[in-house]
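Novice: Please read through the structure below; I'll follow up with questions.
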Amino acid sequence: EERRLFQTDGLPRARPYAEMLNRVELPMLAAGQFGGIRMQPAGRLHVSRLLDDCREFFAARDCWRQGVIDPDVDIQADDEGVTVVINGAPRRARSVILCQGWQGALSALGNGVPDAPVRGDILRVRIPGLHLREVLHHDIWIVPAGNDEYLVGATFDRRHLVDEPSPLGAQELLTKLNRLVHLPIIPVDHLAGVRAGTRTRRAVAGRHPRHRCICVMNGLGSRGALLAPFAGQALLQMLENDSDTIAQPYWNVLDGVALPETDMGADDSRTADSSEARHGNPRGRSVTKLATNIVRRVVRSGETVVDATAGNGHDTLTLAELVRRRDDAPSDHANVIDPESTAARGHVLAFDVRMDALRQTRIRLSSSQLWDVDEVRIDLICDCHSRLSERLQQLSSPGIRIAAAMFNLGYLPGSDRTQLTQPRSTCSAIHGAIRHLRKDGVVTIVAYRGHAGGTEEAAAVETLIAGLDADVYQTDYIPGDPGNAASPVLFVIRRKD
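In our numbering, the protein residues as written are 21 to 517.
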């Protein structure tokens with residue numbers, strides 16, 4: 021549709037909004053002459069000011085509540101409505117609309133939307149003498165910001181989805197800007213964010229496929245953001261009419277309720293039985309996927325992490341990808357003023373009592389080019405995870421704090437089912453992990469209750485968590501299916517101080 025608009029058959033529709041230009045003289049720019057399009061009329065929406073005004077508007081009418089929630093933990097839906105826990109207080113609503121942006125892809129309720137998030141860098145620069153009054157878009161865009169300052173953007177990075185500046189992103193923008201402008205360029209600030217892009221480049225709005233009282237509004241990336249007013253209006257009409265489907269404009273701008281289905285079964289890391297979740301927990305959520313998503317929100321490049329039950333290496337691989345040193349990844353010191361700064365080398369400690377499990381883990385890491393590389397140190401430890409604290413002190417820097425530890429209890433799929441994790445050693449390992457946990461760090465424990473001894477082990481972990489100091493740790497208990505006592509359960513421990 022976008023391409024057809026500016027082809028011959030689309031020109032009559034485009035003329036009210038754009039002037040086709042064969043040549044534009046811009047003497048202040050190095051390239052000198054361009055062909056292109058002048059958009060008319062045009063304007064700039066200052067999004068941050070709009071949001072501030074909206075908050076002020078709703079707060080003045082006592083319709084605004086601000087708090088930090090984990091949607092997968094703090095939102096519970098039933099046939100009558102939704103309960104949302106905000107700052108520890110439960111609130112009831114008929115419907116909830118999830119507008120999670122790119123982090124919706126990390127949430128179980130987000131259901132994989134958006135499916136193509138992309139990170140971007142923006143620079144604020146000062147260019148005395150440029151005197152550009154219009155927004156220019158030529159490979160990059162340049163937006164006048166007043167007082168000889170301009171916003172310049174943006175990069176596209178689909179690999180490193182963190183909303184922090186990247187030195188390589190700044191370098192890319194400055195290189196492209198220097199091709200356009202032969203004037204002194206003074207960097208002032210460096211910003212970054214992740215766009216909630218979709219593969220179709222369209223907005224996503226509608227009811228959640230499994231929870232009628234939960235709606236989704238997402239996909240507002242570079243293209244989808246232009247469609248936000250239409251998507252929002254259609255979603256509001258759907259709710260007011262108590263309809264199950266959302267109206268779509270003739271150009272099919274909305275994907276409606278066609279959200280991708282989520283694999284509701286357990287993954288093949290370490291689990292009691294792959295059929296346990298599929299048959300014993302057919303309507304429940306995938307707690308293994310949820311555990312991974314929780315860890316992704318916490319861990320950063322260069323940190324130390326622990327896989328307490330390596331199994332086939334899935335969690336080890338995930339952790340290695342998260343902590344590996346990336347010269348183009350953001351770090352605490354990565355900015356346009358110091359473009360050579362890099363993150364530290366990440367460190368993963370993976371435990372398993374079975375050598376064959378560690379061999380499988382090593383094969384998985386090697387196939388992903390993450391074994392024996394400079395970017396990340398990985399120690400595969402054939403030992404009981406009850407010695408986690410001791411091993412961590414031996415193999416890490418003095419006083420090191422870990423960002424995360426992951427436990428998948430049970431037995432190794434395809435192996436001897438009598439060789440199980442045990443309540444006593446598991447609880448000892450959990451104590452060791454939280455003893456070394458950094459502030460805001462997290463420990464996830466997935467317990468499978470459908471095999472012999474599984475219920476007892478889950479109960480032991482629950483007892484341990486109940487005894488933790490509530491002033492130091494925040495804990496969560498998340499069953500895969502609240503109505504099925506044999507379903508997997510996820511325990512989450514977060515350090516607050």
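Every residue gets a Cβ at the ideal spot worked out from N, C-alpha and C, and that includes glycine.
#1: Which first and last residues belong to the beta strand (DSSP E) in which Pro508 is found?
#2: Taking the alpha-carbon positions, what's the Asp399 to Gly63 distance?
#3: Under DSSP, the beta strand (DSSP E) around Cys402 begins and ends at which residues?
#4: With burial defined as no fewer than 16 other Cβ atoms inside 10 Å of the residue's Cβ, what is the status of Glu192: buried or exposed?
#5: State the Cα-Cα distance for the pair Gly189 and Leu156, rounded to the nearest angstrom.
#6: Cα separation between Ile422 and Arg344?
#7: Quick one: residues in its chain with C-beta nearer than 8 Å to the C-beta of Ile383, no 5 flanking neighbours on either side, listed in chain order?
#8: Ends of the beta strand (DSSP E) at Gly474?
#9: Kindly indicate which three-state DSSP category Thr218 falls into: helix, strand or coil?
#10: Val307 and Leu488: beta carbons closer than 9 Å?
#11: Using three-state DSSP, classify Asp335 as helix, strand or coil.
#12: Taking only the alpha-carbon atoms, compute the straight-line gap between Phe77 and Gln86 and give it to the nearest angstrom.
#13: Evaluate contact between the segment 448–468 and the segment 411–425, counting only Cβ atoms and requiring at least three cross-stretch pairs below 8 Å.
#14: Would you list, in sequence order, the uninterrupted alpha helix (DSSP H) runs of no fewer than 4 residues that lie entirely inside the segment 112–176?
#15: Taking Cβ to Cβ, would you say Ser416 is nearer than 9 Å to Thr329?
#16: For the putative contact between Pro134 and Gly217, defined by C-beta atoms under 8 Å, what is the C-beta separation to the nearest angstrom?
#17: Which term fits Arg290, buried or exposed, when burial requires 16 or more other beta carbons within 10 angstroms of its beta carbon?
#18: With a CB to CB cut of under 7 Å and the five nearest residues on each side skipped, what residues in its chain are close to Ala113?
#19: When the distance is taken between beta carbons, is Leu337 closer than 9 Å to Gly366?
#20: Taking all protein chains shown into account, decide if Gly166 is buried (16 or more other Cβ within 10 angstroms of its Cβ) or exposed.
#21: Taking the runs of the beta strand (DSSP E) that are 3 residues or longer, which of them lie wholly in the segment 183–269?
#22: List the DSSP bridge partners of Gln494.
#23: Considering only their Cβ atoms, is the gap separating Ile147 from Pro204 smaller than 9 Å?
#24: With contact counted as at least three CB pairs below 8 Å, one residue from each stretch, are the segment 457–476 and the segment 396–415 in contact?
#25: Go through its chain and collect everything with a Cβ distance to Asn272's Cβ below 6 Å, but skip five positions before and after it.
#26: By Cβ distance, which residues of its chain are closer than 6 Å to Arg221, with the 5 residues on each side in sequence left out?
#27: Can you give me the C-alpha to C-alpha distance between Gly149 and Ala38, rounded to a whole angstrom?
#28: Can the beta-carbon of Glu477 be found closer than 9 Å to that of Thr446?
#29: Measuring CA to CA, which of Gly461, Asp496, Ala505 and His471 is closest to Lys516?
Specialist: In this structure, then:
#1: Mapped onto the sequence shown, residue 508 falls at position 488. That residue, Pro508, is in no beta strand (DSSP E); it is neither H nor E in DSSP.
#2: As a working mapping, residue 399 is identified with position 379 in the sequence shown. As a working mapping, residue 63 is identified with position 43 in the sequence shown. Each residue's alpha carbon lies about 55 Å from the other.
#3: To locate residue 402, count along the sequence shown from 1; it is residue 382. Looking at the DSSP string, the run of the beta strand (DSSP E) that includes Cys402 is Val396 to Cys402.
#4: Looking up residue 192 in the sequence shown gives position 172. The residue in question, Glu192, is buried, as its Cβ has 16 or more Cβ neighbours within 10 Å.
#5: Here residue 189 is taken as the residue at index 169 of the sequence shown, counted from 1. Here residue 156 is taken as the residue at index 136 of the sequence shown, counted from 1. Separation of Gly189 and Leu156 (C-alpha to C-alpha, rounded to the nearest whole angstrom) is 19 Å.
#6: Looking up residue 422 in the sequence shown gives position 402. Looking up residue 344 in the sequence shown gives position 324. Cα-Cα distance, rounded: 14 Å.
#7: Within the sequence shown, the letter at position 363 stands for residue 383. Excluding positions up to five away in sequence, the list reads Gly333.
#8: Translated into the one-based positions of the sequence shown, residue 474 becomes position 454. Here Gly474 belongs to no beta strand (DSSP E); instead the alpha helix (DSSP H) covers Gly474 to Ala486.
#9: Taking the sequence shown and counting its residues from 1, the one referred to as residue 218 is at position 198. Coil.
#10: If you number the sequence shown from 1, residue 307 lands on position 287. If you number the sequence shown from 1, residue 488 lands on position 468. Contact: no.
#11: Position 315 of the sequence shown, counted from the first residue, corresponds to residue 335. In the three-state reduction of the DSSP assignment, Asp335 falls in the helix class.
#12: Taking the sequence shown and counting its residues from 1, one reaches residue 77 at position 57. Taking the sequence shown and counting its residues from 1, one reaches residue 86 at position 66. Looking at the two C-alpha atoms, the distance is approximately 14 Å.
#13: yes
#14: none
#15: Taking the first residue of the sequence shown as 1, we reach residue 416 at position 396. Taking the first residue of the sequence shown as 1, we reach residue 329 at position 309. No. Outside cutoff.
#16: Against the sequence shown, residue 134 aligns to sequence position 114. Against the sequence shown, residue 217 aligns to sequence position 197. Rounded, the Cβ-Cβ distance is 6 Å, consistent with contact.
#17: For the purposes of this step, residue 290 is identified with residue 270 of the sequence shown, where counting begins at 1. For Arg290, the predicted model reports a pLDDT of 42, less than 50, meaning its position is unreliable; a value from the coordinates is still stated below. Result: buried.
#18: Position 93 of the sequence shown, counting from 1, holds the residue named residue 113. Cβ neighbours of Ala113 beyond the five flanking positions: Gly101, Val102 and Val104.
#19: Locating residue 366 in the sequence shown gives position 346, where the first residue counts as 1. Locating residue 337 in the sequence shown gives position 317, where the first residue counts as 1. Not in contact: Gly366 and Leu337 (Cβ atoms no closer than 9 Å).
#20: Here the question's residue 166 lines up with position 146 in the sequence shown. Looking at its Cβ environment, which holds fewer than 16 other Cβ atoms inside 10 Å, Gly166 is exposed.
#21: 206–215, 224–227 and 234–238
#22: To locate residue 494, count along the sequence shown from 1; it is residue 474. Paired residue(s): Arg514.
#23: The count along the sequence shown starts at 1 and reaches residue 204 at position 184. The count along the sequence shown starts at 1 and reaches residue 147 at position 127. Yes.
#24: Counting Cβ pairs under 8 Å, fewer than three are found: no touch.
#25: Here residue 272 refers to the residue found at position 252 when the sequence shown is read from its first residue. In this prediction, Asn272 scores a pLDDT of 34, lower than 50, which makes its location untrustworthy; no coordinate-derived value is stated.
#26: Translated into the one-based positions of the sequence shown, residue 221 becomes position 201. Cβ neighbours of Arg221 beyond the five flanking positions: Arg243.
#27: One-based indexing of the sequence shown puts residue 149 at position 129. One-based indexing of the sequence shown puts residue 38 at position 18. Taking the straight line joining both Cα atoms gives about 28 Å.
#28: Residue numbering aside, residue 477 sits at position 457 when the sequence shown is read from its first letter. Residue numbering aside, residue 446 sits at position 426 when the sequence shown is read from its first letter. Yes, they are a contact pair.
#29: Within the sequence shown, residue 516 is the residue found at index 496, counting from 1. With distances taken between Cα atoms, Lys516 lies closest to Gly461.
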